[in-house]
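Below is one structure; the comments refer to it alone.
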Amino acid sequence: MKLGKENVDRLFKALERQIEIHGGKPVSLVVRGGTALVVQEVTSRTTRDVDILGEAIEKEGRVEIRKMEEIPEFLKKAAAVVQRDFNLPENWLNTGPASQLDLGLPPGFESRLVRKKYGDYLTVYFASRIDLIHFKLFAAVDRGGYHVEDLKLLNPSEEEMEQAARWVLTQDVSPEFREILKQCLKELGYGKVTERI
328 MKLGKENVDR LFKALERQIE IHGGKPVSLV VRGGTALVVQ EVTSRTTRDV DILGEAIEKE
388 GRVEIRKMEE IPEFLKKAAA VVQRDFNLPE NWLNTGPASQ LDLGLPPGFE SRLVRKKYGD
448 YLTVYFASRI DLIHFKLFAA VDRGGYHVED LKLLNPSEEE MEQAARWVLT QDVSPEFREI
508 LKQCLKELGY GKVTERI
């Protein structure tokens, strides 16, 4: 099964029920990628996985993100049942983007997270539109493909693209990467931004 807007909520509600059934503890996940795009109705395309950036910890009205090196056992068990029931790939729930926490997030990322509670045992914080622009620009420069299409659907303003480009340059400081970024921006129609970065 591919994940579209109509079944992402069902999926997360099923995961929440399985966490409870498997004796898990309440967990708050930070999610980016295709699932965040789908939930915020940026795209009608589907995705096959949920990319976990980390665990959200609420402290004094703020959200801190803790790196999840590995998915906890109770969550693995719950995810395995959901995988079977929804006919999903084995790694549908993954910590692939967790290393981004080591490289750094866009400034203010935590304050812009979009919170959705699926029950007592699962809350999901989705990367905001502006942060998805940052991540998608980095991915478009690095890998191209559907990331470019996702970036176009996000329809960033010139100011948003400049902000994203400045952050992307902190991820790879090599002169070669800067030139590839500038070329990508020109191809996307943001040539003026290249003059300011």
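Sequential numbering from 328 applies to the sequence shown in our numbering. Beta carbons: idealized from backbone N, C-alpha and C, even for Gly. Treat the numbers as computed from the prediction; the structure is a model and nothing was measured.
Identity of the residues DSSP links to residue i by a beta bridge
i      : result
ASP378 : ARG359, ASN421
GLU385 : VAL390
THR450 : SER355, LYS444
Top-ranked residue by Cα proximity to residue i, from the options
i      : options                        : result
PHE401 : ASN418, GLY435, LYS352, ASP336 : LYS352
LEU364 : VAL441, THR497, THR521, TRP494 : VAL441
LYS403 : VAL335, TYR452, THR422         : THR422
ARG389 : ASP477, THR370, ILE348, GLY435 : GLY435
SER501 : TYR473, GLY516, ASP469         : ASP469
GLU347 : VAL451, SER455, ALA405, LEU478 : ALA405
VAL354 : LYS394, ASP477, TYR448         : TYR448
PRO479 : THR373, GLY516, VAL451         : It is worth fixing the name first, because residue 479 is Lys in this sequence and not Pro. The shortest C-alpha separation from LYS479 is found at GLY516.
GLU382 : VAL335, GLU368, VAL451         : VAL451
Other residues of its chain near residue i: CB distance less than 6 Å, five sequence neighbours each side excluded
i      : result
ILE460 : LEU481, PRO483, GLU487, ALA491
PHE453 : VAL358, ALA363, VAL366, VAL441
LYS443 : VAL451
LYS332 : VAL365
C-alpha distance - residue i paired with residue j, whole-angstrom precision
i      : j      : result
LEU432 : GLN498 : 9 Å
ARG493 : LEU508 : 10 Å
SER438 : PRO424 : 19 Å
ASP412 : LYS386 : 35 Å
PHE504 : PRO416 : 33 Å
VAL520 : PHE465 : 15 Å
VAL408 : ASP376 : 15 Å
LYS513 : GLU485 : 12 Å
TYR473 : GLY446 : 32 Å
LEU356 : GLU522 : 38 Å
LYS394 : ASN334 : 27 Å
ALA341 : GLY350 : 14 Å
CYS511 : VAL475 : 9 Å
Own chain residues within Cβ distance below 7 Å of residue i, not counting five before or after
i      : result
GLN427 : LEU380
LEU430 : GLN498
GLN410 : GLU417, TRP419
Hey, which unbroken runs of the alpha helix (DSSP H) at 4 residues or more fall wholly within the stretch 444 to 523?
Listed in chain order, they are 456 to 470, 473 to 481, 485 to 498, 502 to 514, 518 to 521.
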